[in-house]
Amino acid sequence: MSVINQPPSVVHKLFGNSLWRSESVEGEQPRVFLTFDDGPVPEQTPWVLDVLDRYHVRGSFFLVGDNVHKYPDLLPEIRRRGHVVGNHTYNHMQLFKSSWKDYVDNIRKCDEVSGQLSFFRPPHGQMLPWRALQIERTHNMVFWDVMPADYDSTLSVQEVFGNVKRYVRNGSVIVLHDSIKAGERMRYTLQNSIEMLLKRGYSFVTVDAAFKKK
């Protein structure tokens, strides 16, 4: 198992209040959380929204504030179509390459341009447990259970989709990227994953559902 594709449960315990995976209750159909990072951009996000509409699926979008600023029509459209939005910093800032003050300011700047957001996902998953506790005063922290790596240009579309097939399970938080970099790997993986998971009897829920019982 790759710790990137599917982080081990020992890591989950370091961030006890965060969402990594959240199974459906016993007796209900299995569920997954379909999430998107690094958008919104006009080259990818509208296409993603159309695909989700076609399959009647709702997703969760973790937004880069600078993209929200550049393409102001996209965030209202994401919300209008019934999806959940979260904070992914203003400049896709990496914690381990930044001061804590700059990092917090970057999160706030994303909220300012996007509207106060309830959910946060750290770029590259870079986070420390004691820093997570500070962020969780204002945001629910969301990580992932399945990272297909659609951003990796060395992988084929089949390999990226294969990572979903290999690692997905009840309660998985799946991360795709509505970015130019993810390109056709994201598009192929999104459509094939939705069809596969629907055939397997999964439901699709947004990240807010995982925090309602907390």
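Using the numbering used here, you'd call the opening residue of the sequence shown number 842 and step up by one each time. Every residue, glycine too, gets a C-beta built ideally from N, C-alpha and C. Given the structure is predicted, the values throughout are model-derived calculations rather than measurements.
(request) Would you give the residue range spanned by the alpha helix (DSSP H) that I976 belongs to? (result) P970 to I976
(request) Determine the contact status of M968 and L1017, defining contact as a CB-CB distance below 9 Å. (result) no
(message) Is it buried or exposed, W971, if we count other Cβ atoms within 10 angstroms and call 16 or more buried?
(response) exposed
(message) Relative to the C-alpha of F960, which candidate in E869, F984, N908 and Y944 has its C-alpha closest?
(response) F984
(request) Look up F984 in the DSSP assignment and say whether it is helix, strand or coil. (result) coil
(message) With DSSP as the reference, identify every bridge partner of F960, one or two as the case may be.
(response) N981
(request) Could you tell me whether the Cβ atoms of R962 and H929 are closer together than 9 Å? (result) yes
(request) Would you be able to state if there are at least three C-beta pairs under 8 Å between the segment 876–894 and the segment 1018–1030? (result) yes
(request) Quick one: residues in its chain with C-beta nearer than 6 Å to the C-beta of S843, no 5 flanking neighbours on either side, listed in chain order? (result) none
(message) Let's test the definition: count the other Cβ atoms within 10 Å of the Cβ of L974 and tell me whether it reaches 16, buried, or not, exposed.
(response) exposed
(request) Have a look at L916, F1045 and Y896 and flag the residue whose alpha-carbon is nearest the alpha-carbon of V905. (result) L916
(request) For N981, count neighbouring Cβ atoms within 10 angstroms of its own Cβ and tell me buried if that reaches 16, exposed if not. (result) buried
(message) By alpha-carbon positions, which one of H965, V925, K938 and N932 ends up nearest to Q957?
(response) V925
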